[in-house]
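Peer 1: There's a structure below that I have some questions on.
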């Protein structure tokens, strides 16, 4: 029986491939694993039946037989554990790839998401300009750190892995911004991820939900 994930019935990203089920879809596509998607309204996400799977009332979740998981990176890691193609087989390289997954979610993503929320929700505040400038500088610092790495590496490890799925989906929140364009090594890394056929299939599947909801 194929695993089932949950996703937005009406995604707030308007079909840009930024919702957090994107990483999970991409991982499935990389390994050729069929999966089912259960679409949820915002109201249904807060109901007890969904909170039993995701205590914070978010998406995605993952169900396969008796196993239920939440948090996109944890789900991607589980998929990678079951499919050799997404995780280095060398023990030390595998450990480094896992460290990069933590870095993507714990070090890189928080600054990017905080900036996105400030742009979306705080534009009318008197301190908005100063706050955005501060957050921009924090993001630039993270991107500069990554740029040094990608000046000598195509991927986070020698070969594409689950760590790149997580990192690219985090960085894609900056696509179209000067912050990313000012770091060509990082922008090229994101473009390499987006050029993978599995990414294209995952993006198409997620975008189809938005198209159907908008029809």
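In my numbering, the protein residues as written are 102 to 316.
Here a beta-carbon is modelled for each residue, glycine too, at the ideal position from N, C-alpha and C.
What separation, rounded to the nearest whole angstrom, lies between the Cα atoms of residue 288 and residue 178?
Peer 2: As the crow flies, the alpha-carbon of residue 288 is around 24 Å from that of residue 178.
Peer 1: For the candidate residues 125, 171 and 217, whose alpha-carbon lies nearest to that of residue 114?
Peer 2: 217
Peer 1: Would you mind stating whether residue 194 and residue 258 have Cβ atoms separated by less than 9 Å?
Peer 2: yes
Peer 1: Is any heavy atom of the ligand ZN found at a distance shorter than 8 Å from the C-beta of residue 240?
Peer 2: Here there are no bound small molecules, and the ligand ZN is not part of this structure.
Peer 1: Between 229, 211 and 210, which has its C-alpha nearest residue 219's C-alpha?
Peer 2: 229
Peer 1: Which of the three DSSP states, helix, strand or coil, is assigned to residue 276?
Peer 2: coil
Peer 1: What's the call for residue 210, buried or exposed, on a 16-neighbour Cβ count within 10 Å?
Peer 2: buried
Peer 1: Tell me which same chain residues have a C-beta within less than 6 Å of the C-beta of residue 308, skipping the five on either side of it?
Peer 2: 116
Peer 1: Measure how close the beta-carbons of residue 208 and residue 241 come, nearest whole angstrom, since I'm counting them as under 8 Å.
Peer 2: Actually they are not in contact, since the Cβ atoms of residue 208 and residue 241 sit about 14 Å apart, beyond 8 Å.
Peer 1: Would you kindly check if the distance between the Cβ of residue 143 and the Cβ of residue 136 is under 9 Å?
Peer 2: no
Peer 1: With a CB to CB cut of under 7 Å and the five nearest residues on each side skipped, what residues in its chain are close to residue 276?
Peer 2: Answer for residue 276: 291, listed in chain order.
Peer 1: When you compare the CB positions of residue 174 and residue 205, do they come within less than 9 Å of one another, or not?
Peer 2: A contact, by the Cβ cut-off of 9 Å.
Peer 1: Please state whether DSSP places residue 223 in a helix, a strand or coil.
Peer 2: coil
Peer 1: Going by DSSP, what residue range makes up the beta strand (DSSP E) through residue 141?
Peer 2: 137-141
Peer 1: Could you check the C-alpha separation between residue 239 and residue 181 for me, to the nearest Å?
Peer 2: Between residue 239 and residue 181, the C-alpha separation is close to 31 Å.
Peer 1: Kindly provide the ranges of any beta strand (DSSP E) runs that are 3 or more residues long and lie completely inside the region 151-211, ordered along the chain.
Peer 2: 162-165 and 168-171
Peer 1: Could you say which of 166, 109 and 253 lies nearest to residue 102 if we only look at CA atoms?
Peer 2: 166
Peer 1: Taking the C-alpha atoms as reference points, what is the distance between residue 171 and residue 163?
Peer 2: 6 Å
Peer 1: In three-state DSSP terms, what is residue 300?
Peer 2: In the structure shown, the three-state DSSP call for residue 300 is helix.
Peer 1: Run through the DSSP bridge pairs and tell me what residue 108 is partnered with.
Peer 2: Residue pairing by DSSP places residue 108 opposite 140 in a beta bridge.
Peer 1: Could you round the C-beta distance between residue 215 and residue 247 to whole angstroms and report it? I think they count as a contact, below 8 Å.
Peer 2: About 17 Å separates the two Cβ atoms, so there is no contact after all.
Peer 1: Which value, in whole angstroms, describes the spacing of the CA atoms of residue 121 and residue 227?
Peer 2: 31 Å
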